[in-house]
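Numbering (the numbering used here), first residue to last: 2 to 281.
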C-alpha cells in the first residue's frame, strides 16, 4: 500500500446574503445579493512512519456577486500539517498562508501557525488544546494590520461514535493591531452537534452550531469617543446528502447578530446557500 495519498475536491454552488459585508474592515452594505461560489481543493498526505504523517493542501475559491461586484473575492489557501501519535495523545503542528483579493485587487494576506495536543481521556470524551499565532495585513489599510495570539480548548462527547457527537469549545484571543483603537481581547464559546443517520442507502449528515463572542477594545474609537464593545452571536445549520459515492449535495443556513456601539459594526446577516461537492 502506498504511503502517499492524493485527493481532490470540486465544489459549485450559490448563496443568498441579506447583508453583503466585508468583516475584516467592518463594512456592511445593508443590501442583499446573490453570489455564485466555485472552489477547488488539492491535497496530498504522506506517512513517514506508523506514528507520523504530514499533509499539504491547496485550496482556491471564488465568489461572484450579481450586483456587488466590488466584493467579488478570490482566495488562495496553502496549508501544511504534521501529526505524531504519542500513544495516549496526538501532537500536531499546522501552518496556513492565505491570499485573498477583492474585485481583482490585492486585499488580505494572512499567516497562521498552530501547535496542538489532543487525545481521549475516557471512552467517549476527547479533548484538544491549541495555541495559534497569526499575522494579518490588509492592502491600503495598514492601520488594520495585526498580530494575534489565541488559546483554545475543545471537548468532544461521542454519544454514538462519529454518528452522533457534541463539541463544546472556548477560545481566548488577543489581537494587537497597528491602530490602538483596533486592539482587543475576545472570549468566545461554541456549541456544535453533529448527527449522521441513514436514509435508505444514503448516510445524511446534519450539523447545528452556535457561537458567541465578546470583544473588548482597549482604546477609544475616534468616531464614538469611547472604546468599542462587540457581542457577536452566530447560528448555523448544515445538511449534507450523498447523491453518489463521490458526489454530495450540501445546504447551509446561517444567521449572525453583530451588536456593537460602533454603528457600522452593528448589523444582522442571514446567508442561505447550496453546493454540489465532488471528491476523488
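Using N, Cα and C, we set each Cβ at its ideal position, and we do this for glycine too.
Rounded to whole angstroms, how far is the Cβ of residue i from the Cβ of residue j, which I believe are closer than 8 Å?
{"i": "residue 55", "j": "residue 80", "result": "Wrong, their Cβ atoms sit about 11 Å apart, outside the cutoff."}
{"i": "residue 112", "j": "residue 270", "result": "Rounded, the Cβ-Cβ distance is 27 Å, inconsistent with contact."}
{"i": "residue 189", "j": "residue 172", "result": "5 Å"}
{"i": "residue 32", "j": "residue 21", "result": "6 Å"}
{"i": "residue 146", "j": "residue 135", "result": "Their Cβ separation, rounded to whole angstroms, is 12 Å, which puts residue 146 and residue 135 out of contact at 8 Å."}
So, with DSSP's three-state summary, where would you put residue i?
{"i": "residue 133", "result": "strand"}
{"i": "residue 124", "result": "coil"}
{"i": "residue 37", "result": "strand"}
{"i": "residue 32", "result": "coil"}
{"i": "residue 260", "result": "strand"}
{"i": "residue 74", "result": "strand"}
{"i": "residue 235", "result": "strand"}
{"i": "residue 144", "result": "helix"}
{"i": "residue 155", "result": "strand"}
{"i": "residue 265", "result": "helix"}
{"i": "residue 51", "result": "coil"}
{"i": "residue 86", "result": "strand"}
{"i": "residue 61", "result": "strand"}
{"i": "residue 25", "result": "helix"}
Just the Cα atoms here: how many angstroms apart are residue i and residue j?
{"i": "residue 84", "j": "residue 120", "result": "12 Å"}
{"i": "residue 76", "j": "residue 41", "result": "11 Å"}
{"i": "residue 128", "j": "residue 122", "result": "7 Å"}
{"i": "residue 268", "j": "residue 88", "result": "47 Å"}
{"i": "residue 243", "j": "residue 278", "result": "9 Å"}
{"i": "residue 159", "j": "residue 198", "result": "15 Å"}
{"i": "residue 281", "j": "residue 272", "result": "28 Å"}
{"i": "residue 261", "j": "residue 274", "result": "26 Å"}
{"i": "residue 180", "j": "residue 223", "result": "11 Å"}
For residue i versus residue j, is the C-beta spacing smaller than 8 Å?
{"i": "residue 148", "j": "residue 170", "result": "no"}
{"i": "residue 231", "j": "residue 259", "result": "yes"}
{"i": "residue 251", "j": "residue 212", "result": "no"}
{"i": "residue 39", "j": "residue 9", "result": "no"}
{"i": "residue 72", "j": "residue 104", "result": "yes"}
{"i": "residue 109", "j": "residue 101", "result": "yes"}
{"i": "residue 208", "j": "residue 195", "result": "yes"}
{"i": "residue 265", "j": "residue 30", "result": "no"}
{"i": "residue 52", "j": "residue 82", "result": "no"}
{"i": "residue 219", "j": "residue 184", "result": "yes"}
key: Contained beta strand (DSSP E) runs [length at least 3] in the segment 169-227, N- to C-terminal order   = Every beta strand (DSSP E) stretch that sits fully inside the segment 169-227 and reaches 3 residues is listed by chain position as 185-200 and 203-222.
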